[in-house]
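Visitor: Got a structure here, written out as structure tokens. Questions coming.
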């Protein structure tokens, strides 16, 4: 069983992520993509990455806006696995928005 991060570990982990907020119960990030098809493509890529990790975020699609929430439900809170998944999501979003303005 993986261990839930303490507040200090959470703060350190969040400092390395872009746009994520939350607490030891879970972290969330919302991003805006250039189009609905682009948002769906990001969801598909995140889904593939999550499946390869056997760890899956909650994803909410609202037209071009995607909200990702990471939490290890089996552990009862945020774990290092969630931070790793958040970094993967950040990489996928960065690739999808590389030619977009920086404020998403």
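In the working numbering, the protein residues as written are 164 to 267. Where is the CB? At the ideal position from N, CA and C, for every residue including glycine.
Please list, in chain order, all residues of the same chain as residue 242 whose beta carbon is under 7 Å from its beta carbon, the five residues on each side excluded.
Guide: Excluding sequence neighbours, residue 242 sits near 165, 166, 167, 168, 235.
Visitor: Determine the DSSP secondary structure at residue 205, reduced to helix, strand or coil.
Guide: Helix.
Visitor: According to DSSP, what are the bridge partners of residue 190?
Guide: In the DSSP output, where bridge partners are listed per residue, residue 190 has 185, 233.
Visitor: Can you give me the C-alpha to C-alpha distance between residue 266 and residue 193, rounded to a whole angstrom?
Guide: With a pLDDT of 46 at residue 266, under the threshold of 50, the modelled position of this residue cannot be trusted; read the value that follows with caution. One C-alpha to the other measures close to 12 Å.
Visitor: Smallest Cα separation from residue 291: which of 187, 223, 207?
Guide: It is not possible to answer for residue 291, since the shown part of the chain is limited to 164 through 267.
Visitor: Count the other CB atoms, across all protein chains shown, that sit within 10 Å of the CB of residue 200; report buried if there are 16 or more and exposed otherwise.
Guide: That one is exposed.
Visitor: Out of curiosity, what's the CA-to-CA distance linking residue 259 and residue 174?
Guide: Looking at the two C-alpha atoms, the distance is approximately 27 Å.
Visitor: If you draw a straight line from the alpha carbon of residue 206 to that of residue 237, how long is it in whole angstroms?
Guide: So the alpha carbons of these two residues sit roughly 23 Å apart.
Visitor: Between which two residues does the beta strand (DSSP E) containing residue 225 stretch?
Guide: First-last of the beta strand (DSSP E) with residue 225: 221 to 225.
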